[in-house]
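Data first, discussion second: the structure below is written as structure tokens.
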Amino acid sequence: EFYLQQIEAKRNLNAYVDVYAEEALQKAKELDEKRRSGEPLKKLHGVVIGIKDVICYKGHEVTAASHILEGFTATYNATAVERLLAEDAIIIGSLNCDEFAMGSSNENSFYGATLNAIDESRVPGGSSGGSAVAVQADLCMVSLGSDTGGSVRQPADFCGIVGLKPTYGRISRYGLIAYASSFDQIGIFAKNIPDIALTLEIMAGADDFDSTVSLEKVESYSSLVQDSKPLRIAYFKDAIDHPSLDEEMENAMKSYLNGLSEKGHLVTGIDFDFLEYIVPAYYVLTTAEASSNLSRFDGVRYGYRVNDENIDLTSFYSQSRSQGFGKEVKRRIMLGTFVLSAGYFDAYFTQAQKVRKQLYDQTQLIFRDFDVIILPTVPSPAFKFGEKSGDPTAMYLADIYTVYANLVGIPAISLPVFTHSNGMPFGVQAMTNQFCELSLLQFSHQVM
Ligand code: GLN
């Protein structure tokens, strides 16, 4: 009841696309009866969770905040959702986001933007902006997002909460609407590390429905999160001195790193030669994958279709897609189709794959000597609506610190530690090697 009242009172934030009010109340009632009868309680008994509108929950609409999926109902549960429900969580509704998770500001949603609750003239970040605001403004306890290039960490940073993107292959993508399949990962928003640890441990692990999920054992993150030890921490010198990084944030990062060494960690600035390649490589590869993934939305199988009996099949496809997809999604489908086309494939796609491989190798070398990599999460705090929407390249370049983790598949977390002089929060990003979520969470718990 509390969360439903909050959602109602803060409707203007536009965080939810759909709220399952009656169903959630009914479930809460059943859980309460279960508790009274003395039955043992499950791990998420009555925990109220919101899910990004790209994650399937059987019998509920899922639209990726796109006109083209309007009216489409999920026919099965995503594995992540299935596992939350099995622990008696209450799924309270679906959350607003950029269309098909493409964007950094939530301005690309078919339902209109979500507002940042700290300053409603500013963006909440994206693409999982609704998920971030839902936790920020107490519209649920924990929420799920998806992170292909920062869509959990960047809005967490803009909203002053915690956002985790696990290792690629840690959580099943079954039932997650695909943007770029070799990058996508379900992520978690919460206000503290123990909540993140518990939610992760429940959702993570092998799944027969997604062959890219690792068989690697899921550690008991929630019970071990308190442990801490001194760590070897690296930061990229060029990333901290980068011209795009807000000066006040640069200074905050530097004193934060000093603070870490005062706490007994070994902190070292290292050279990293690939910084200027990561955003281009990310946008070549993800748009290529998106152009393929989004070809299934043809007007026949899902959601919206053009209403005209007198057109041929090709016109039917093209008109359904032209009317169904928004501007940014079309831009990326065209970009992706271009980089995959004969004559350009080697110049762009193959080249970007090589960059990705180099990045991976370089990263493995770094983790031979270090336990954690620290970066800013975003180069500037939450910007105003409209400030960047006319300049897609500027919007893409602001992903400089987040896309790296997705290119190499490592886990990364944004921790809310600072407040800018303009009143907006901003965070620090920490990363560990693949499947080292436990030490990432232990470190985060210790420094938050
Ligand atoms: N801002 C990035 C993009 O627009 C990240 C998106 C994401 O992680 N889904 O692609």
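Everything in the sequence shown is counted per the UniProt record's numbering, starting at 12 for the first residue and increasing by one.
Using N, Cα and C, we set each Cβ at its ideal position, and we do this for glycine too.
Quantities reported herein were computed from a predicted structural model and do not represent experimental measurements.
Under the DSSP assignment, Gln37 falls in the alpha helix (DSSP H) whose first and last residues are 32 to 47. Met442 has Ile384, Ala423 as its beta-bridge partners, per DSSP. For Gly70, the distance from the CB to the nearest heavy atom of the ligand GLN is not below 7 Å. Here DSSP, grouped into helix, strand and coil, assigns Glu93 to helix. Within the stretch 244 to 327, the complete beta strand (DSSP E) segments at least 3 residues long are 277 to 281, listed from N- to C-terminus. When the five nearest sequence neighbours on each side are left out, the beta carbons in the same chain lying within less than 7 Å of the beta carbon of Val236 are those of Ile204, Pro205, Ala208, Leu452, Gln453, His456, in order along the chain.
Within the same chain, His431, Met435, Phe437 come within 6 Å of Pro392 by CB-CB distance, once the 5 residues on both sides are set aside. Secondary structure at Tyr87: coil, using DSSP grouped into helix, strand and coil. With fewer than three CB-CB distances shorter than 8 Å, the stretch 378 to 386 does not count as touching the stretch 358 to 367. In the three-state reduction of the DSSP assignment, Ile182 falls in the strand class, which pools E and B.
In the three-state reduction of the DSSP assignment, Leu376 falls in the helix class, which pools H, G and I. Boundaries of the alpha helix (DSSP H) harbouring Ser142: 140 to 147, taken from the DSSP string. For the pair Thr125 and Gly401, the Cα-to-Cα distance works out to about 18 Å.
For Val350, the uninterrupted alpha helix (DSSP H) run begins and ends at 338 to 351, by DSSP. Between Thr90 and Asp218, the CB-CB gap stays under 8 Å. Annotation for Ala143 indicates a beta carbon at 7 Å or more from all heavy atoms of the ligand GLN. In this structure, Tyr190 and Ala301 form a Cβ contact; the two beta carbons are roughly 6 Å apart against a cut-off of 8 Å. For Phe169, the enclosing alpha helix (DSSP H) begins and ends at 164 to 170. Here Gly434 carries a coil assignment [DSSP, helix/strand/coil]. The continuous stretches of beta strand (DSSP E) do not include Phe13, which lies in the alpha helix (DSSP H) extending over residues 13 to 20. Taking a cut-off of 8 Å on C-beta distances, the stretch 131 to 148 does not touch the stretch 35 to 42, as fewer than three cross pairs fall below it. It is roughly 12 Å from the alpha-carbon of Thr388 to the alpha-carbon of Ile172.
Between Ala100 and Val144, the CB-CB gap reaches or exceeds 8 Å. In the structure shown, Glu118 falls within a coil segment according to DSSP collapsed to helix, strand and coil. Ser326 and Phe308 have their C-alpha atoms roughly 14 Å apart.
CA-CA distance, Gln373 to Glu110, rounds to 33 Å. In the DSSP assignment, Phe454 falls within the unbroken alpha helix (DSSP H) covering 448 to 458.
For Arg343, the closest of Leu386, Leu370, Tyr293, Ala20 by C-alpha to C-alpha distance is Tyr293. Counting every other CB atom within 10 Å of its CB across the protein chains shown gives Pro427 a total of 16 or more, marking it as buried. At least one heavy atom of the ligand GLN is found less than 7 Å from the C-beta of Met113.
Excluding sequence positions up to five before and after Gly180, its CB lies within less than 6 Å of the CB of Thr223, Val224, Ser225, all in the same chain and listed in chain order.
Ala353 places its beta carbon 8 Å or farther from that of Lys176.
DSSP places Val414 within a helical segment (H, G or I) once states are collapsed to three.
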